[in-house]
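Asks: My questions all concern the structure below.
This is the structure:
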């Protein structure tokens, strides 16, 4: 498998584009790429970027998302553009998009995407799928259910939601020469390739169990028959206005953990806003009647979890040519000044090109195959691919 | 007959016994349930107690996390300011100064939007120097609005103000224009009377005093960088002017040099031509004088003979002068052909000594030479080299009093052989040292007044040495002696 990565911090879009294309092509030894992954900060996301890229690389499928910062080897690059080109004789790929996610039934969105992806791969065997979503997805788990209905309940799906600079205003998807804001994009990998993935969270439960007594998609209305906000008011001793001021800390450091009985693990949900009625809006859906607990983390536990994910990834010896990292933006907030330590931890063990993004939501199975894919917040997913 | 109890009679007893047993079991069960309930209540109490402790942990942890993040933010902001400062120190063009403020650094200092405007005294409008976070339309509106007296007055006050310090109506006006929740505006006033300001803003809900202070420092550093840039501009212009003048002067000098060369060539040609023209009549004069002196044409009276001898002697001197002049002009014009060969210095010097031996003995002058082992051979034209030695040793003999000494030493220097001829003569006055190699220059001393010379010996020596690619120079001290040094290429 040949990998060509180009990265630029040039403020001028056309100059940056030229730089990344030339570097990526050069690093690819001028092979014709089978696919290009485009990751950039929101300031690069424009139709002109994609049209320009299409002119440089006509007929090459392009997929990707906008992000708070591009992860490249051991660097966190804000306000930057990155292109990762992949070429392999053994790789079979299928790409598809579904638009108008907000307007349609999320389950059907996932189902439709899976159908298109399978059609694209025809009779080839399928290995795993990459899923890209545009920012905040109210009912992400239902999209996954739709995908799993068609692809198989235990089919590995690794995904990332676009992110921005914590403003939740500019989150884009890239699909060929289109800039999308309300869509899902999938890439189905098939053929003779080796791959592996691992998952890191770094949070532990704290306090007693509580029950979601009323919720709708990503809005938690009541916990223990009380307005949802009361949970945080009670634990942190803060009134509504103070809670709003402290929200960025609380949402990052103390997310909710939905207890998964069958896995005996917790699925994290980040609070992104507090509504007037005391409801809590999460980054994605929270099922009613779920048992939840508050979760807590430290910088050390976050880094240890990443280290364990790396160990898990290399446990099975496979050929690895490129490592994709989909990392929650909360990990950046949590680690902040030492955020690059996470990448250094990965790169110190896995010495292959690393490309990745910060996300507003990650999709991955909690453990190795066979395992169901879940929609996560506050996690890190590593995916290694090789021939 | 006693009545025998039938099985049926026992049933009530058995039932009673069972009931009693069940009551006992129920009693114990109830007791156990009560005990379990007590345990459960205790466990619930423990859980609640643990949850209360959890709350305490969470509240403390939240404060710690908040403090740590604030501290981290301050450290990162300081790093960013340091990075900007380092780049500012290296930047000397005006636009480049503002380009040092990159979006990354701005975000790390707590802001997402920034603009800067600057106006020189000759400018009518403000010039946009920095734009982070605004689209073309937004920046156009801002540029239009800041031309008003309101912003000029704010700049003239030369005071930084922020959303924390400014009064509400003004604050709202600025917030609306720049589309932010919090802001800092710091004026930029330079000694060259450039006026402007840097604006930074954030949509977030807080502005700490620390952030404001960082922007004040940043604005001061920008002012300093602008001052440096202006100073550099002035220095650069002065340097350009100087370079232009040097170029002009160089051209003038080159032109003058060309003219001098042309004049010199004309002079050489003239001297060469005149010398040739003089040699023929001189040969005739000397020839006729010699014939007359031989008295083959008749006996001459003593007075006429004395006059003819003078004519003959002066003719010889004149021929020598003409020959020297011809050699100089040939060397200058490169017309002289030299046969460069490997010459043994010792052999040459010994030959010269033999030639000069009579004169050396006449004045009882000690002559010695010492040659270093690595300067045994030189590359030179034999005839010309002998002329150099004859001239220099001849001069040494001439100016060295009775009983003096002349020594020759050689040494090796950068592929050349240096030959030093030292005498214990009368020495050369300091003011004459720079002129002795000039044509017709003669040092004013009693010996020169007494003994005639052409003043062409040393100029000829200089040209011969230079024609070999060497150099010649002299060091001297009055009444102590002189050393003439020259270099020749080694083999």
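Protein chains in written order, with our numbering: chain G, 10 to 396; chain H, 2 to 492. Even glycine gets a Cβ: it sits at the ideal position worked out from N, Cα and C.
1) Among 460(H), 91(H), 420(H) and 81(H), which one has its Cα closest to the Cα of residue 325(H)?
2) For residue 78(G) versus residue 211(G), is the C-beta spacing smaller than 8 Å?
3) Work out the CA separation of residue 364(G) and residue 14(G) for me, nearest whole Å.
4) Ends of the alpha helix (DSSP H) at residue 225(G)?
5) Who are the neighbours of residue 258(G) on chain H, taking C-beta pairs under 8 Å?
6) Considering Cα atoms alone, identify which of 364(H), 367(H), 348(H) and 262(H) is closest to residue 498(H).
7) Which residue comes first and which comes last in the alpha helix (DSSP H) that contains residue 293(H)?
8) With a threshold of 8 Å between beta-carbons, can residue 216(G) be considered close to chain H, or not?
9) Can you list, in chain order, the residues of its chain whose CB lies under 7 Å from that of residue 449(H), leaving out five sequence neighbours each side?
10) Using a Cβ-Cβ cut-off of 7 Å (strictly less than) and excluding sequence neighbours within five positions of residue 231(G), which residues of its own chain qualify?
11) State yes or no: is the beta carbon of residue 88(G) nearer than 8 Å to at least one beta carbon in chain H?
12) Return the residues of the segment 345 to 370 of chain G that lie within a Cβ-Cβ distance of less than 8 Å from chain H, sorted by chain order.
13) By DSSP, does residue 207(H) sit in helix, in strand, or in coil?
14) Taking the alpha carbon of residue 151(H) as the reference point, which residue from 313(H), 210(H), 175(H) and 480(H) has its own alpha carbon closest?
15) Pull up the CB-CB distance for residue 397(G) and residue 76(G), whole angstroms please, since I reckon it's below 8 Å.
16) For residue 63(G) and residue 218(G), what's the separation of their Cα atoms in angstroms?
17) Helix or strand or just coil, what does DSSP make of residue 366(G)?
18) Please report the distance separating the alpha-carbon of residue 11(H) from that of residue 39(H).
19) On the DSSP bridge list, what partners appear for residue 368(H)?
20) For the alpha helix (DSSP H) holding residue 385(H), just list the boundary residues, first then last.
21) In angstroms, rounded to a whole number, what distance separates the CA positions of residue 483(H) and residue 403(H)?
22) In chain G, what lies closer than 8 Å to residue 59(H) by C-beta?
23) Would you list, in chain order, the members of the segment 161 to 180 of chain G that have their beta-carbon closer than 8 Å to a beta-carbon of chain H?
24) Give the secondary structure of residue 425(H) by DSSP, where H, G and I count as helix, E and B as strand, and everything else as coil.
25) Sort 307(H), 279(H) and 364(H) by Cα distance to residue 291(H) and report the nearest one.
26) Quick one: grab the DSSP three-state call for residue 430(H).
27) Does any CB atom of chain H fall closer than 8 Å to the CB of residue 268(G)?
28) Could you pull the DSSP bridge partners for residue 194(G) from this structure?
29) Whose Cβ in chain G lies nearer than 7 Å to the Cβ of residue 140(H)?
30) Tell me, please, whether the CB atom of residue 378(G) is closer than 8 Å to any CB atom in chain H?
31) With a cut-off of 8 Å on the beta carbons, I'd call residue 125(G) and residue 191(G) a contact; round off their distance for me.
32) Could you tell me which chain H residues have their CB closer than 8 Å to the CB of residue 255(G), listed as they occur along the chain?
33) List the residues of chain G whose Cβ lies closer than 8 Å to the Cβ of residue 1(H), in chain order.
34) Would you identify the three-state DSSP class for residue 486(H), choosing helix, strand or coil?
35) DSSP state of residue 449(H), grouped into three classes?
36) Got a sec, what are the start and stop residues for the beta strand (DSSP E) residue 187(H) sits in?
Replies: By the coordinates alone:
1) Stepping through the second chain from its first residue, residue 325(H) is reached at position 324. Residue 325(H) has its Cα closest to that of 460(H), out of 460(H), 91(H), 420(H) and 81(H).
2) Along the first chain, read from residue 1 onward, the residue named residue 78(G) stands at position 69. Along the first chain, read from residue 1 onward, the residue named residue 211(G) stands at position 202. Result no, Cβ atoms of residue 78(G) and residue 211(G) do not sit closer than 8 Å.
3) For the purposes of this step, residue 14(G) is taken as the residue at position 5 of the first chain. For the purposes of this step, residue 364(G) is taken as the residue at position 355 of the first chain. Cα to Cα, residue 14(G) sits roughly 8 Å from residue 364(G).
4) Looking up residue 225(G) in the first chain gives position 216. First-last for residue 225(G): 213 to 225, but that is the beta strand (DSSP E), not the alpha helix (DSSP H).
5) The residue given as residue 258(G) occupies position 249 in the first chain. Under the 8 Å cutoff, chain H gives 63, 66, 67 and 70.
6) Residue 498(H) cannot be examined here, being either before or after the span of chain H that is shown, 2 to 492.
7) Residue numbering aside, residue 293(H) sits at position 292 when the second chain is read from its first letter. 210 to 294 is the extent of the alpha helix (DSSP H) around residue 293(H).
8) On the first chain, position 207 is the one that residue 216(G) refers to. Chain H contact via Cβ: present.
9) Counting from one through the second chain, the residue named residue 449(H) turns up at place 448. The residues are 443.
10) Mapped onto the first chain, residue 231(G) falls at position 222. Excluding residues within five positions, the ones whose Cβ falls inside 7 Å are 222, 223 and 237.
11) Taking the first residue of the first chain as position 1, residue 88(G) is located at position 79. Yes, because at least one Cβ of chain H sits closer than 8 Å to the Cβ of residue 88(G).
12) 345 and 346
13) Position 206 of the second chain, counted from the start, is the residue given in the question as residue 207(H). Reduced to three states, the DSSP call for residue 207(H) is coil.
14) By 1-based counting over the second chain, the position of residue 151(H) is 150. Residue 175(H) is the option with its Cα nearest to residue 151(H).
15) Outside the shown range of chain G (10 to 396) lies residue 397(G), about which nothing can therefore be said.
16) One-based indexing of the first chain puts residue 63(G) at position 54. One-based indexing of the first chain puts residue 218(G) at position 209. Those two C-alpha atoms are separated by around 52 Å.
17) As a working note, residue 366(G) is residue 357 in the first chain. Residue state, collapsed to three classes: strand.
18) Your numbering for residue 11(H) matches position 10 in the second chain. Your numbering for residue 39(H) matches position 38 in the second chain. Roughly 41 Å between the two C-alpha positions.
19) Here residue 368(H) is taken as the residue at index 367 of the second chain, counted from 1. 407(H).
20) What you label residue 385(H) is simply residue 384 of the second chain in a count that begins at 1. Where residue 385(H) is concerned, the enclosing alpha helix (DSSP H) stretches over 383 to 400.
21) What you label residue 483(H) is simply residue 482 of the second chain in a count that begins at 1. What you label residue 403(H) is simply residue 402 of the second chain in a count that begins at 1. If you take the alpha carbons of residue 483(H) and residue 403(H), they lie about 16 Å apart.
22) Position 58 of the second chain, counting from 1, holds the residue named residue 59(H). Within 8 Å Cβ-Cβ: 215, 216, 244, 245, 263, 303 and 305.
23) 174 and 176
24) One-based indexing of the second chain puts residue 425(H) at position 424. DSSP places residue 425(H) in coil when its eight states are reduced to three.
25) Translated into the one-based positions of the second chain, residue 291(H) becomes position 290. Among 307(H), 279(H) and 364(H), the Cα nearest to that of residue 291(H) belongs to 307(H).
26) For the purposes of this step, residue 430(H) is identified with residue 429 of the second chain, where counting begins at 1. Three-state DSSP puts residue 430(H) in coil, outside helix and strand.
27) Along the first chain, one-based indexing puts residue 268(G) at 259. No, because no Cβ of chain H sits closer than 8 Å to the Cβ of residue 268(G).
28) Within the first chain, residue 194(G) is the residue found at index 185, counting from 1. DSSP output for residue 194(G) lists 106(G) and 141(G) as bridge partner(s).
29) If you number the second chain from 1, residue 140(H) lands on position 139. What residue 140(H) touches in chain G: nothing, since even the nearest Cβ is about 15 Å away.
30) In the first chain, residue 378(G) corresponds to position 369, counting from 1. Closer than 8 Å: no.
31) The residue labelled residue 125(G) in the question sits at position 116 within the first chain. The residue labelled residue 191(G) in the question sits at position 182 within the first chain. Not really, about 17 Å apart at Cβ, beyond 8 Å.
32) For the purposes of this step, residue 255(G) is identified with residue 246 of the first chain, where counting begins at 1. Those within 8 Å of residue 255(G) in chain H are 63 and 67.
33) Nothing can be reported for residue 1(H): it is not among the residues displayed for chain H, which extend from 2 to 492.
34) Stepping through the second chain from its first residue, residue 486(H) is reached at position 485. The answer is strand: DSSP assigns residue 486(H) an E or B state.
35) Reading the second chain from its first residue, position 448 is the one you call residue 449(H). Three-state DSSP puts residue 449(H) in a helix.
36) In the second chain, the residue the question calls residue 187(H) occupies position 186. Where residue 187(H) is concerned, the enclosing beta strand (DSSP E) stretches over 183 to 190.
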